[in-house]
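*Asks:* Taken in order, these protein sequences are the chains called A and B. Per the numbering used here, the first sequence starts with residue 76, numbered consecutively. Per the numbering used here, the second sequence starts with residue 245, numbered consecutively. For glycine and all other residues, C-beta sits at the position ideal for the given N, C-alpha and C. Model, not experiment: these values are computed from the prediction.
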Amino acid sequence: MGENQKRGESVRLAFLAGLAIVIALSFMFWGINALDSNLWVGVGLLVAAPVAMVVAIWVYLRERKKIASGLPMQDERSKGIFQKATSYTFYTTLYFVLFFSFILDEPAVKDFVTVERALMMVLAEMVLALLVFLGYFNLKGVPE
Amino acid sequence: MRTRLKEYRARYDLTQEDLARKVGVRRETIVYLEAGKYMPSLKLAHDVAVALKATVEELFIFEDR
């Protein structure tokens with residue numbers, strides 16, 4: 076890996092670390108705001124924030140060490156896995172939204188699911204699906 | 245697909261990390277390549293062959309199903 080590529084990878088890693096900090100801080104603010112209206116959601120977010128931070132720091136240190144030793148953060152396999160996982164997540168989310176639109180007319184669901192909650196559920200499904208597909212394709216090793 | 249990467253790597257006393265550094269990929273990619281679980285691009289197969297002073301045909305063996 077050349078010096079230019081090394082620098083590029085370091086910048087990319089720093090950007091991702093910054094993004095992780097923003098996400099963790101957002102969790103914290105949402106958690107504090109949610110404490111009054113919904114205690115469990117607030118507590119959940121306040122627990123998730125430091126966990127996200129610790130994971131982000133661990134990944135950052137590990138990747139920084141790899142970059143310093145001349146190994147790239149991304150290669151054709153990891154890019155392929157990410158592309159495949161995102162496309163599978165897209166289709167899964169389409170089905171999820173379709174399923175959601177069918178059950179939203181049910182009276183029991185209608186009372187419980189507000190627009191904000193529906194949006195949060197779809198977002199959570201997207202993140203979970205992406206993590207599951209990334210893990211699965213990473214283990215399988217074949218982004219064909 | 246079977247590969248002879250491990251054998252060639254041992255011949256030149258290279259670790260998976262050394263080979264990964266030589267061809268510019270992550271170590272995990274070499275692990276999956278050796279296990280025959282990852283089908284490399286033509287460029288990666290060529291780069292690995294050059295790094296191990298072999299031909300693509302010698303390193304990657306495709307068996308009929």
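Let me know if residue 273 of chain B comes out buried or exposed under the rule of 16 or more other beta-carbons within 10 Å of its beta-carbon.
*Replies:* Counting Cβ neighbours within 10 Å, residue 273 of chain B comes out buried, since at least 16 surround it.
*Asks:* Is residue 273 of chain B close to chain A? Criterion is C-beta to C-beta, closer than 8 Å.
*Replies:* Yes, because at least one Cβ of chain A sits closer than 8 Å to the Cβ of residue 273 of chain B.
*Asks:* For chain B, is any of its Cβ atoms less than 8 Å away from the one on residue 117 of chain A?
*Replies:* So, not an interface residue.
*Asks:* Please name the residue, chosen from A:193, A:125, A:158, that lies closest to residue 95 of chain A on a Cα-to-Cα basis.
*Replies:* Checked all of A:193, A:125, A:158; the closest Cα to residue 95 of chain A is A:125.
*Asks:* Does DSSP put residue 247 of chain B in a helix, a strand or coil?
*Replies:* Correct three-state label for residue 247 of chain B: strand.
*Asks:* Quick check on the burial criterion: 16 or more other C-beta atoms within 10 angstroms. Buried or exposed for residue 170 of chain A?
*Replies:* Residue 170 of chain A is exposed by the Cβ-count criterion.
*Asks:* Determine, using beta carbons only, whether residue 288 of chain B comes closer than 8 Å to chain A.
*Replies:* True, the Cβ-Cβ gap to chain A drops below 8 Å.
*Asks:* With residue 165 of chain A as the anchor, note down where its alpha helix (DSSP H) starts and where it stops.
*Replies:* Unbroken alpha helix (DSSP H) run through residue 165 of chain A: 151-178.
*Asks:* Could you tell me which chain B residues have their CB closer than 9 Å to the CB of residue 146 of chain A, listed as they occur along the chain?
*Replies:* In chain order: 261, 264, 265, 268, 269, 270, 271.
*Asks:* Roughly how many whole angstroms lie between the Cα atoms of residue 131 of chain A and residue 213 of chain A?
*Replies:* C-alpha separation (whole angstroms): 19 Å.
*Asks:* Contact check, residue 249 of chain B vs residue 286 of chain B under 8 Å by CB: the rounded distance?
*Replies:* 16 Å between Cβ atoms; not a contact.
*Asks:* So is residue 254 of chain B buried or exposed if we call it buried at 16+ other beta carbons inside 10 Å?
*Replies:* Exposed, since its Cβ has fewer than 16 Cβ neighbours within 10 Å.
*Asks:* Determine the contact status of residue 91 of chain A and residue 139 of chain A, defining contact as a CB-CB distance below 8 Å.
*Replies:* Cβ distance not < 8 Å, so residue 91 of chain A and residue 139 of chain A don't count as in contact.
*Asks:* Hey, residue 150 of chain A and residue 246 of chain B are a contact pair by Cβ (cut 8 Å); roughly how many whole angstroms apart?
*Replies:* At roughly 22 Å, the Cβ-Cβ gap does not stay under 8 Å, so residue 150 of chain A and residue 246 of chain B are not in contact.
*Asks:* Tell whether a beta-carbon distance below 8 Å holds between residue 293 of chain B and residue 266 of chain B.
*Replies:* Going by C-beta atoms, residue 293 of chain B is not nearer than 8 Å to residue 266 of chain B.
*Asks:* How close, in whole Å, do the beta carbons of residue 209 of chain A and residue 160 of chain A come, if the pair is a contact with beta carbons under 8 Å?
*Replies:* Indeed, because the Cβ distance is near 5 Å, the residues count as touching under 8 Å.
*Asks:* Any Cβ of chain A within less than 8 Å of the Cβ of residue 256 of chain B?
*Replies:* No, residue 256 of chain B lies away from the interface with chain A (no Cβ there is under 8 Å from its Cβ).
*Asks:* Round the Cβ separation of residue 148 of chain A and residue 84 of chain A to the nearest angstrom and send it over; I've been treating them as touching at under 8 Å.
*Replies:* At roughly 5 Å, the Cβ-Cβ gap stays under 8 Å, so residue 148 of chain A and residue 84 of chain A are in contact.
*Asks:* Measuring straight from C-alpha to C-alpha, what distance separates residue 190 of chain A and residue 173 of chain A?
*Replies:* Roughly 15 Å between the two C-alpha positions.
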